[in-house]
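Heads up: the protein sequence lines correspond to chains A, B, C and D, in order. Residue 74 in our numbering sits at position 68 of the first sequence, with consecutive numbering throughout. Residue 51 in our numbering sits at position 45 of the second sequence, with consecutive numbering throughout. Residue 93 in our numbering sits at position 87 of the third sequence, with consecutive numbering throughout. Residue 34 in our numbering sits at position 28 of the fourth sequence, with consecutive numbering throughout. Ideal Cβ placement from N, Cα and C applies to all residues, glycine included. Below you'll find the structure, written out as structure tokens, and then a few comments.
Number of protein chains: 4
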Amino acid sequence: MIDLEVLHRLQKILVERKTAAPDSSYVASLYAKGIDSICKKIAEEAAETIMAAKDGDRLHLVHEVTDLWFHSLMLLAQFDVGVDDVVAEFRRREGISGIDEKKRRGAEK
Amino acid sequence: MIDLEVLHRLQKILVERKTAAPDSSYVASLYAKGIDSICKKIAEEAAETIMAAKDGDRLHLVHEVTDLWFHSLMLLAQFDVGVDDVVAEFRRREGISGIDEKKRRGAEK
Amino acid sequence: MIDLEVLHRLQKILVERKTAAPDSSYVASLYAKGIDSICKKIAEEAAETIMAAKDGDRLHLVHEVTDLWFHSLMLLAQFDVGVDDVVAEFRRREGISGIDEKKRRGAEK
Amino acid sequence: MIDLEVLHRLQKILVERKTAAPDSSYVASLYAKGIDSICKKIAEEAAETIMAAKDGDRLHLVHEVTDLWFHSLMLLAQFDVGVDDVVAEFRRREGISGIDEKKRRGAEK
């Protein structure tokens, strides 16, 4: 069964690398550059996700969504939250119908 | 144990709504508008994720990352792929060290 | 001769609408929603610019870049700066060669 | 008088560099990498514009909007259009009231 274990393992590594030597890994060097640098990567990976979709390239799309989620997890770890909080939020929303959810969005945004 | 079941249930719903009446739900209406509309939402949610991080608002950040992943899953479903493909890609990368991964990225992009 | 006058006229209107009744125009309503809403529009128009480029649709590209610049001007006006400041910055950079500029970017970012 | 001359001069340089040796300048190297690379820069500069606004840093905001417009001009030049086309589109819209424009957007998007 495919489960969340890989994301939990990744998160543990991300947390460790927040305080590791900047030149020891990609993640450590990006954390050392600060939050704005992680945010820039999220914007860049979102753009690449969009371009992969426009190209109709399914494999590339999966890679870019993985990159996008990876950098989302880095940003979450920076704020001491993680994949369990996102999954819990998905669960909370399960009880809310699509149309109700849309109204909530409309009211919130 | 928190696992991927909620994302599998969501994906099943997304796939069903790809062909549902546009006015029946938020998801059905967004699918009816086409891929560009889903892509625009991804750009918008990425921007909101960035702004929540800049605000240092952890709860808002979790909500926006959930929105970002939700619309990523919609885009994946449009191309008949899904969360298992992303998780499989995370697993594939587990064997690759951070620095090697960075080199691969450099070569690829 | 095509000059900047149209952008100066636009900027004058934008400044007036910062304090106008929210339901009096698109610009007034967006200003009333606050900076985050203008920022979301910038992210959205950037995505639409990218998608127009991917479509190879030149006319659409011009429209989306116009939308992107329009909302950039709204954001600048929010902070009491404007098109002249951007043009002045373009002028300042004229004396800097491309490679030097790239080094500066590398050092800055 | 501050006018568009600097943007016309820039555009002339951009067009020349579309076919220049990739290692001769930042612009030539980015053109050599292709449209997707220019699009990624647009997404990145849009994110930096948003972050400068969130920081309330007016000078940084002007720099990032300049970067955003610079890469927009690169993308336009790639498709043989340019600043005059954008200015012409701004002029065309001058005759359209804000509310009408909003309706048009609603219908178009």
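- I48 (chain A) has its alpha-carbon roughly 7 Å from the corresponding atom of S78 (chain A).
- Where F85 (chain C) is concerned, there is no enclosing alpha helix (DSSP H), because DSSP gives it neither an H nor an E.
- Each of B:V33, B:M57, B:I19, B:R64 was checked against the Cα of A83 (chain A), and the nearest Cα belongs to B:R64.
- Residues of the same chain with a CB within less than 8 Å of the CB of S43 (chain C), apart from the 5 flanking positions on each side, are L36 in chain order.
- S43 (chain D) sits in a helix when the DSSP states are folded into three classes.
- Distances from the alpha-carbon of F76 (chain B) to those of B:R97, B:L10, B:Q17, B:E11 put B:Q17 closest.
- Sequence-ordered contacts of the region 33–47 of chain A with chain D read D42, C45, K46 [C-beta pairs closer than 8 Å].
- Non-local C-beta neighbours of A38 (chain A) in its own chain, meaning closer than 8 Å and more than five positions away in sequence, comprise P28, ordered along the chain.
- Legend: CB atoms of the region 58–89 of chain D lying less than 7 Å from CB atoms of chain A are not found in any residue.
- Per DSSP, reduced to three states, the secondary structure at I102 (chain D) is coil, with no helix or strand assignment.
- When Cβ-Cβ separations below 8 Å define contact, V21 (chain C) makes no contact with chain D.
- Per DSSP, L10 (chain A) lies in no alpha helix (DSSP H) segment and is marked neither H nor E.
- Against chain C, a Cβ distance below 7 Å from E50 (chain B) picks out K46, A49, E50.
- Inclusion of T72 (chain A) and E95 (chain B) in the CB contact set at 8 Å is warranted, their separation being smaller than that value.
- Residue environment analysis places V21 (chain D) among the exposed positions, since fewer than 16 neighbouring C-beta atoms fall within 10 angstroms of its C-beta.
- Between E50 (chain B) and E50 (chain C), the CB-CB gap stays under 8 Å.
- In this structure, the CA atom of E11 (chain A) is about 21 Å from the CA atom of F85 (chain A).
- Assignment of A27 (chain A) by DSSP, reduced to helix, strand and coil, places it in the coil class.
- D9 (chain B) has its alpha-carbon roughly 48 Å from the corresponding atom of S31 (chain C).
- By the neighbour-count criterion, in which 16 or more other beta carbons inside 10 Å mark a residue as buried, E70 (chain C) falls on the buried side.
- DSSP places D63 (chain D) in the coil class of the three-state scheme, outside both helix and strand.
- Cβ-Cβ separation between V68 (chain B) and V87 (chain A): approximately 6 Å, consistent with a contact (criterion under 8 Å).
- Neighbours of A53 (chain D) in chain B, taken as residues whose beta carbon is under 7 Å from its own, are I56 in chain order.
- Residues of the same chain with a CB within less than 6 Å of the CB of H66 (chain C), apart from the 5 flanking positions on each side, are A58 in chain order.
- Rounded to the nearest whole angstrom, the C-alpha separation of V33 (chain D) and C45 (chain A) is 24 Å.
- Cβ neighbours of I19 (chain A) within its own chain (closer than 8 Å, five residues either side excluded): V33.
- By a beta-carbon distance limit of 8 Å, K60 (chain C) contacts K60 (chain A). Their separation comes to about 4 Å.
- Taking the Cα of G40 (chain D) as reference, the smallest distance to any Cα among D:M80, D:D91, D:G101, D:R98 is reached at D:M80.
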